[in-house]
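Working notes for the structure below.
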Amino acid sequence: MEATATALSLSSSFLSGSQCRSNTITLPKRLSRSRSTFTTIRATITREKKEEVVALVKEQLENCYLIAGIRYEGLTVKQLQAMRKALPDSAKLMVAKNTLVGKAIEGTKFEALKPCMTGMNAYLFVHSEEIPDALKPYRTIQKEEKLDEKNDYVGAVFEGKFYGPEDFKTLETMPSRAEVYSKLLGTLQMPAISLVGTLQAPARNLLLVLQAYVKKLEEEAAQAGQ
Numbered sequence: 006m007e008a009t010a011t012a013l014s015l016s017s018s019f020l021s022g023s024q025c026r027s028n029t030i031t032l033p034k035r036l037s038r039s040r041s042t043f044t045t046i047r048a049t050i051t052r053e054k055k056e057e058v059v060a061l062v063k064e065q066l067e068n069c070y071l072i073a074g075i076r077y078e079g080l081t082v083k084q085l086q087a088m089r090k091a092l093p094d095s096a097k098l099m100v101a102k103n104t105l106v107g108k109a110i111e112g113t114k115f116e117a118l119k120p121c122m123t124g125m126n127a128y129l130f131v132h133s134e135e136i137p138d139a140l141k142p143y144r145t146i147q148k149e150e151k152l153d154e155k156n157d158y159v160g161a162v163f164e165g166k167f168y169g170p171e172d173f174k175t176l177e178t179m180p181s182r183a184e185v186y187s188k189l190l191g192t193l194q195m196p197a198i199s200l201v202g203t204l205q206a207p208a209r210n211l212l213l214v215l216q217a218y219v220k221k222l223e224e225e226a227a228q229a230g231q
């Protein structure tokens, strides 16, 4: 009875005491609920943010000719901004987590880029066939800022093929569309034997030949109508 009386007395003293004491007893439970709610909200925001980034990457994949990964350890925000400004309108630079970019390119022709998705990378999306013009700005920054070797292109995918850092010379020296057309138009003026040899080239070259020939006919028709 004495113990029960003591317990009742203590309980009564807390209940009838100051509001501060009452709050002190119940606050840990409230904090627990608050922290749980905050964690849930934060997780939801994080998940939504990740989904948003994946969606943005997928948008960049539309009509994309090339994706290149760029290691940017040590680069300042100013340097990245300078590179963005130097890029042609057909190219976009995005800084995103490798896992999110990897998720976005799953099942696409750019999935071959996954092996080089380690470390701190920015991603260059090129939406035209003028590949060298899009790659040149970063090379310029490398020289001007005297960046060390670790800050370099880590890989790229063009027409479904992976290009490692040692292969970038091929991408950077690709002829422009104007140069290709000029050469093909010259080819069309060659003897029939040379033309047959050209038509036996890969399908992509054949398509370019036909496009150039159509353009030539259109120009001749326009001149004849003047």
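Start counting at 1 in the sequence shown, then tack on 5, and there's your number in my numbering. All residues carry an ideal CB built from backbone N, CA and C; glycine is no exception.
Between V159 and L105, the gap from beta carbon to beta carbon reaches 7 angstroms or more. Leaving aside the five residues that flank L92 on each side, the residues in its chain whose CB is nearer than 7 angstroms to its CB run, in chain order, L98, A139 and P142. In the three-state DSSP reduction, I136 falls in the helix class (H, G or I). Ranked by how close their Cα comes to the Cα of P180, the residues E134, A73 and V62 have E134 in first place. If you compare the alpha carbons of L61, N126 and D153 with that of A109, the shortest gap goes to L61. In terms of Cβ geometry, Y77 and M125 form a close pair [threshold 7 angstroms].
Under the DSSP assignment, G165 falls outside any alpha helix (DSSP H); it carries neither an H nor an E label.
In this structure, T145 is the residue among K155, D157, T145 and K221 with its C-alpha nearest to the C-alpha of K90. Comparing alpha-carbon positions, the option among N156, K102 and K166 lying closest to L118 turns out to be K166.
Excluding its 5 nearest sequence neighbours in each direction, E154 has no C-beta neighbour in its own chain below 8 angstroms. Sequence-distant partners of E150 (beyond 5 residues in either direction) whose C-beta falls short of 7 angstroms from its own C-beta, in its chain, are Q84.
The beta-bridge partner set that DSSP reports for M99 consists of Y128. Inter-residue distance for N103 and Q216 is about 38 angstroms (C-alpha atoms, whole angstroms). Burial check for G79: the Cβ neighbour count within 10 Å stays below 16, so the residue is exposed.
In this structure, Q65 sits near F130, with a CB-CB distance shorter than 7 angstroms. Rounded to whole angstroms, the Cβ separation of A127 and L71 is 14 angstroms, and the two are not in contact under 8 angstroms. Counting along the chain, no alpha helix (DSSP H) covers A117, and no H or E run does either.
Apart from sequence neighbours up to five positions away, the residues of its chain that approach G107 with a beta-carbon distance below 6 angstroms are K119 and M122, ordered along the chain. In the DSSP assignment, the residues bridged to R76 are N126. Sequence-distant partners of D172 (beyond 5 residues in either direction) whose C-beta falls short of 7 angstroms from its own C-beta are missing from its chain.
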